[in-house]
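Numbering (this note's numbering), first residue to last: 334 to 525. Glycine included, each C-beta is placed from N, C-alpha and C at the ideal position.
If you want it as structure tokens, here you go:
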């Protein structure tokens, strides 16, 4: 956060100092030296926290209560995914007809995903794991591992285009891969 005369400054907002009006883009275009010359200092922003999961910085809410809340949320999502097709089930029951198998399959998959997600919520050990489960990125980049679980690194030598063995310029660096994040919740089925 940028501070001038004990007041915060916002990027992309004009401000006045010592009777001079500075345009909205001045902070973005100015150099560090120009800002320092005016007496603008940069201080760390106050720490932030996700109020859905924490009472304050480093003060998580009760995990058991959070699990109960988020399992109920999964039920609500399940109901919202099923409700657009409820009329199909009602109509079939009233008329003594069968519901199309693709709809039955979809509805079963929604209920199954809900149950699985609730089980996954029950299994988390702490608040950060719950956040990752519910809001983590779908893929992660990590170091490849061999069959024994050891990290794979670049070899000391490689073969160049001429077929010659040469020193590997990145020898010893980890070999990275992008994989599906194993710590996120089961996906909801795609609506039909």
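- Classification of residue 463 by the beta-carbon crowding that lies within 10 angstroms, buried from 16 upward: Buried.
- Task: Name the one or two DSSP bridge partners that residue 486 has.
- Result: Answer is 507.
- Stretch-stretch touch, CB-based, cutoff 8 Å, three pairs: the stretch 430–439 with the stretch 376–386: Counting Cβ pairs under 8 Å, fewer than three are found: no touch.
- Query: What residues are listed by DSSP as bridge partners for residue 346?
  - Reply: Beta-bridge pairing links residue 346 to no other residue.
- Message: According to DSSP, is residue 476 part of a helix, a strand, or is it coil?
- Response: Residue state, collapsed to three classes: strand.
- Message: Tell me the residue span of the beta strand (DSSP E) that contains residue 500.
- Response: Residues 498–500.
- Contiguous beta strand (DSSP E) assignments of at least 3 residues, all confined to the stretch 371–431: Runs found: 387–389.
- Message: Pull the bridge partners of residue 439 from the DSSP assignment, please.
- Response: Residue pairing for residue 439: DSSP places it in no beta bridge.
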